[in-house]
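**Q** Chain order of the listed sequences is U and X. The opening position of the first sequence corresponds to residue 129 in our numbering, with each subsequent residue numbered one higher. The opening position of the second sequence corresponds to residue 599 in our numbering, with each subsequent residue numbered one higher. From the three backbone atoms N, C-alpha and C, an ideal C-beta is built for every residue, glycine too.
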Amino acid sequence: MNTDLRKDYLGIVFEKHRKLTAKERVGKALHIPLTQYLVFSAVLISFYILMQGGAVTSSFVFAIGNTMIYAIMAIGFCLLMGYSGLASLGTAGFVGIGAYIAFYLVQEYGYTFGVAFIVTVAVAIVTGIMVGFISLRIEGIYLAILTLGLSEILRNTFISLKSSIKIDMSKIQILGAKIGENEVYLLILLVFVVLLWITSNLIHSPVGRALLSVKNSSSAAQAMGINLMKYRVLAFVISTIYAAIAGLLYMMYLRNMTTSTSTLLAMTTSLNILGAVVIGGAKSLWGTSFGVFIIYGLQSTLLSKIAFFVENPAFITMLTGLMIILIVMFFPGGIAQIASNLARKYRESKLRKNVERRIEAYGRI
Amino acid sequence: MAESDRRYMRLERCKSRLAMEKEYKDILLKDIDEQVEKEAVAFEAQEREKLYRQHPEWMPKELVYETVYQAKLRQFDFDMEFEMQEALSQAARIVSKNPEQKEIQDSRLKELAEKQARLREKFTAHLEAALKEQLKEQVDIPPDEEKALLGRVEDFRLSRCRETQAKKEKISADEDAKIKKLEASLKKAEGAVSKTGLSMPEDTVLSVQNLCMYFGGVHAVENLSFDVKKGEIFGLIGPNGAGKTTVFNCITQFYKPTSGTLLFENKAGEIISLTDESVHNVICQGIVRTFQNVEVIREVSVLENLLIAGHSRFTLGLAAQALHLPQLKKQERIIKEKAMKVLEFMGLSDYKDWTAAGLPYGILKKIEIARTLMCDPQLIILDEPAAGLNDTETASLTELILRIRDTLGCTILLVEHDMGLVMNVCQTICAISFGELLAIGSPEEIQNNPDVQKAYLGESEEEAN
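(1) Count the other C-beta atoms from every protein chain shown that fall within 10 angstroms of the C-beta of residue 129 (chain U), then say buried if there are 16 or more, exposed otherwise.
(2) Please return the same chain residues whose Cβ sits closer than 7 Å to the Cβ of residue 928 (chain X), not counting the five positions on each side in sequence.
(3) Curious, which full-length alpha helix (DSSP H) runs of at least 4 residues does the stretch 960–1038 of chain X contain?
(4) Which residues in the same chain have their Cβ closer than 7 Å to the Cβ of residue 328 (chain U), if we skip the five residues on either side of it in sequence?
(5) Confirm, please, whether the CB-CB distance from residue 976 (chain X) to residue 803 (chain X) is below 9 Å.
(6) Hey, residue 1025 (chain X) and residue 830 (chain X) are a contact pair by Cβ (cut 8 Å); roughly how many whole angstroms apart?
(7) Tell me which residues of the stretch 331–362 of chain U have at least one Cβ-Cβ distance to chain X shorter than 7 Å, keeping chain order.
(8) Three-state secondary structure (DSSP) at residue 878 (chain X)?
(9) In the structure shown, what three-state DSSP assignment does residue 184 (chain U) receive?
(10) If you measure beta-carbon to beta-carbon, which residues of the stretch 912–929 of chain X are closer than 9 Å to chain U?
(11) Specify, as a first and last residue, the run of the alpha helix (DSSP H) that residue 817 (chain X) falls within.
(12) Beta-carbon of residue 140 (chain U) versus every beta-carbon of chain X: anything under 9 Å?
(13) When you compare only the Cα positions, how much space is there between residue 137 (chain U) and residue 641 (chain X)?
(14) At a Cβ threshold of 9 Å, is residue 480 (chain U) touching chain X?
(15) If you draw a straight line from the C-alpha of residue 477 (chain U) to the C-alpha of residue 470 (chain U), how long is it?
(16) Quick check on residue 853 (chain X): does DSSP put it in helix, strand or coil?
(17) Nearest CA to the CA of residue 627 (chain X): which residue from X:684, X:772, X:715, X:755?
(18) Are at least three pairs of beta-carbons, each pair with one atom in the stretch 603–618 of chain X and one in the stretch 735–751 of chain X, less than 8 Å apart?
(19) Can you pull the chain U neighbours of residue 910 (chain X), defined as C-beta to C-beta under 9 Å?
(20) Alpha carbons only, please: which of U:406, U:401, U:284, U:389 is nearest the one belonging to residue 424 (chain U)?
(21) Within its chain, find whatever has a CB closer than 7 Å to the CB of residue 437 (chain U); leave out the 5 residues flanking it on each side and keep chain order.
(22) Taking CB distances under 9 Å as the criterion, tell me whether residue 1045 (chain X) reaches chain U.
(23) List the residues of chain U whose Cβ lies closer than 7 Å to the Cβ of residue 893 (chain X), in chain order.
(24) For residue 1067 (chain X), which residues in chain U fall below 7 Å Cβ to Cβ?
(25) Given residue 364 (chain U), which residues of its chain have a CB within under 8 Å of its CB, disregarding the five upstream and five downstream residues?
(26) Alpha carbon to alpha carbon, what distance is there between residue 395 (chain U) and residue 279 (chain U)?
(27) Say whether chain X places a C-beta atom closer than 9 Å to the C-beta of residue 483 (chain U).
(28) Helix, strand or coil for residue 291 (chain U)? Go by DSSP, reduced to three states.
(29) Report the option in U:343, U:231, U:419 whose CA atom is closest to the CA atom of residue 465 (chain U).
(30) I need the boundaries of the alpha helix (DSSP H) containing residue 265 (chain U), first residue and last residue.
(31) Bridge partners for residue 833 (chain X) per DSSP, in chain order?
(32) Out of U:149, U:270, U:481, state which residue places its alpha-carbon closest to the alpha-carbon of residue 677 (chain X).
(33) Spell out a yes or no on whether the stretch 865–880 of chain X and the stretch 337–346 of chain U are touching, meaning 3 or more CB-CB pairs, one atom from each, closer than 8 Å.
(34) Using 10 angstroms around the beta-carbon of residue 1005 (chain X), count the other beta-carbons present and answer buried if the total reaches 16, otherwise exposed.
(35) Thinking C-alpha only, which one of U:346, U:455, U:240, U:249 is nearest residue 299 (chain U)?
(36) For a contact meaning CB atoms closer than 8 Å, what does residue 329 (chain U) contact in chain X?
Below, the structure written as structure tokens:
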């Protein structure tokens, strides 16, 4: 009986119409962005649950929460730099807006988180529009220096307003209910994943494509009916909103800050975020989030277990610096590029193996 | 001006929505048909598989032979090609390191090619023999069984058609209602648009009157006037630096002219003054341009380039895009279908998923032209479309330009240095030099015009002849 032949024939003809196997179905589902975000948030929630059970230390979860706050800034910056090609070093100043709104509204006037959130977004929109208009006239390195100056002005204004701010845990309310210290982690997680999803949606819609075309060729963009002013301002507004939200969440989570000595509102933050986006890949949200983890999360989660790094903390900064140099030199697309290269290599090697096996079989004829 | 502009924008948005809705109806109906067809094929496959499993000795002999043979051969060719590519890149690597190895590598590659050819002969012979041997014991399906099977498939298809008929009618009715509503709102918007009171000669789509463009003391364009008739291919020629591209930039509002009038009949059939439009609104009025040095968005794929070109057709706000609402998916679908149609028209379908960055120059030029077709323009402005193309590519470009004019009914305005192309396709040619009009007329008139000859060949043309 010619089972081989029949199998070949049926395989060739009916390949397209067969039912998917379970493994293929899982693979297909994982390609849907929404599933990715659900899985991602499930992993992050599991840290919280494990902490309740005592399996992971609370300092580990705290570090993850802290990383997520910086990641919110970074994905906004990713949209600004990777998609619209505008270099800004003003992130830190915009973070301060959120932090001080949180202090004044929540601590001084006793408003709930929701009100503070809405006010933060509104103020960020106004600031973003103003900076966005400036960005129309100035480009490249000059814009970076200008935003840097703006950020310093904001920082000094905040210091003279109140040099040290503090929020009491008892003042933090969501929808009228008081929440505990650890539940703020879940709040941050929710905001982070939702913003990640929204950003990814924007990137994969006409807006994202319009931003890319503005970055690549402003004259072609204009000829295609894309309003340069609108999209540059939009990019600035979005990144400002994200930075301000990050500041708000920072104050919810850490609850006190001495502005004059804290690095949060200093140039360090802006540069670190830039570094994270470069390491992760300016066009990839997942890569950027991972880059933030390397810069902000690695030290307190993994490297703190290694005695060498605990004794010589300066080496950690050197390590990240070295990494940025190597990545810029060899992989301008960041970790996202490395990952996609590896995936391609893997596929290619699999294909090569199959071809070699078949060629060997041809040789035996 | 702002108020009437806003009214016009509203009108355009209405129109865009209406056009999209009409396209969407076709897409939905087509989707249902395709789904039924797919189900029917899947059903046939299932039935056949069942049949073959029940009666292992039955098999459509010729068909099996042909299918398996072709598939195996394709696989073989693919493998050989892969091996060859690997060998080629390896050889290139070695040669780039030490060039004296070149001959050895060349001969090695030649050997491989010969080996592959020998193997292919052997393989085909082996495959034929093996298949014949395997098919010897098989019998064809009895005709009545085959007939019964096909009948079952036909029944299935018909029943599915009947089931979907109701759905189709419902979709049709829904879409028609939507279209009617949009048409009504369009009428209202049309009524609101005030007539501009400008007038142009009959049959003219673009009228340039006394255009001047000065950059400080440089008079790039001086008192230039010409009319472009509907449906014609109009050529603008002149020596280097004559100000041709400046004229284009003035028409598309990249430069605001120093003085002069630019009248244009837009998609609504209304005559507008282009100088009142901002640069990104020109496309909404129906003028699209290409660029001298290709301005393709290199970071994204060819298809996405076309989607960017369709940007002005999207009517949704930021919230719908941030949340990926169903309306966005619908519009994306419509624009994508349109893009696929344009790609097919341009013969670029194979390149749709390629990133534009690595594509050859000729393809990039074609993408630029494809982009202009995304918004059903009235007037296409081509800035040196043949620059950097070889003779074959120029010939196919000529054919393409004519095809665009004939099938889509657009007016085309082009600047070109390639006189062969200009004389072949243009009905009217306007020659300029140092920003001033030299002559305007048919290709023959321009060729015989002494002023034009002087501008191109210099004063001593008698001697040159």
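**A** Taking the structure as given:
(1) For residue 129 (chain U), the pLDDT reaches just 39, beneath the cut-off of 50, and the residue's location in the model is therefore unreliable, although a value from the coordinates is still provided. Residue environment: residue 129 (chain U) is assigned as exposed (fewer than 16 neighbouring CB atoms within 10 Å of its CB, all protein chains considered).
(2) Hits under 7 Å: 622.
(3) 989–1006, 1017–1023, all fully within the stretch 960–1038 of chain X.
(4) When the five nearest sequence neighbours on each side are left out, the beta carbons in the same chain lying within less than 7 Å of the beta carbon of residue 328 (chain U) are those of 161, 413, in order along the chain.
(5) Closer than 9 Å, so yes.
(6) That belief holds up - the Cβ atoms of residue 1025 (chain X) and residue 830 (chain X) are roughly 5 Å apart, short of 8 Å.
(7) So the close ones are 333, 334, 335, 337, 338, 340, 341, 344, 345, 347, 348, 350, 351, 352, 353, 354, 355.
(8) DSSP, reduced to helix, strand and coil, places residue 878 (chain X) within a helical segment of the structure shown.
(9) DSSP places residue 184 (chain U) in coil when its eight states are reduced to three.
(10) Within the stretch 912–929 of chain X, the qualifying residues are 912, 914, 916, 918, 919, 920, 921, 922, 926, 929.
(11) Secondary structure note for residue 817 (chain X): it is in no alpha helix (DSSP H), and the uninterrupted beta strand (DSSP E) holding it is 816–827.
(12) For residue 140 (chain U), a Cβ of chain X is located within less than 9 Å of the residue's own Cβ.
(13) Cα to Cα, residue 137 (chain U) sits roughly 17 Å from residue 641 (chain X).
(14) Yes, residue 480 (chain U) counts as interfacial toward chain X.
(15) Those two C-alpha atoms are separated by around 10 Å.
(16) Here residue 853 (chain X) sits in coil by DSSP.
(17) Closest by alpha carbon: X:772.
(18) Because the criterion of three Cβ pairs below 8 Å is not met, the stretch 603–618 of chain X and the stretch 735–751 of chain X do not touch.
(19) Chain-ordered, the chain U residues with CB closer than 9 Å to the CB of residue 910 (chain X) read 352, 353, 354.
(20) Checked all of U:406, U:401, U:284, U:389; the closest Cα to residue 424 (chain U) is U:401.
(21) Once the five neighbours on either side are set aside, the close Cβ partners of residue 437 (chain U) are 431, 443, 444.
(22) Judged by the 9 Å Cβ criterion, residue 1045 (chain X) is not in contact with chain U.
(23) Within chain U, the residues near residue 893 (chain X) are 345, 347, 348.
(24) Any answer about residue 1067 (chain X) is impossible in this case: the structure gives chain X only from 599 up to 1063.
(25) Within the same chain, residue 364 (chain U) has close Cβ partners 208, 214, 216, 256, 257, 259, 260, 263.
(26) Per the coordinates, the alpha-carbon of residue 279 (chain U) lies some 8 Å from the alpha-carbon of residue 395 (chain U).
(27) For residue 483 (chain U), the answer is yes, since a Cβ of chain X falls inside 9 Å of its Cβ.
(28) When DSSP states are grouped into helix, strand and coil, residue 291 (chain U) belongs to the coil group.
(29) Comparing Cα positions, the closest option is U:419.
(30) Note, residue 265 (chain U): alpha helix (DSSP H), 241–265.
(31) The secondary-structure analysis by DSSP pairs residue 833 (chain X) across a beta bridge with X:1012, X:1027.
(32) Of U:149, U:270, U:481, the residue nearest in Cα terms is U:481.
(33) No, they do not touch.
(34) Label assigned to residue 1005 (chain X): exposed.
(35) Nearest neighbour of residue 299 (chain U) by Cα position, chosen from U:346, U:455, U:240, U:249, turns out to be U:240.
(36) Under the 8 Å cutoff, chain X gives 919, 920, 921, 922.
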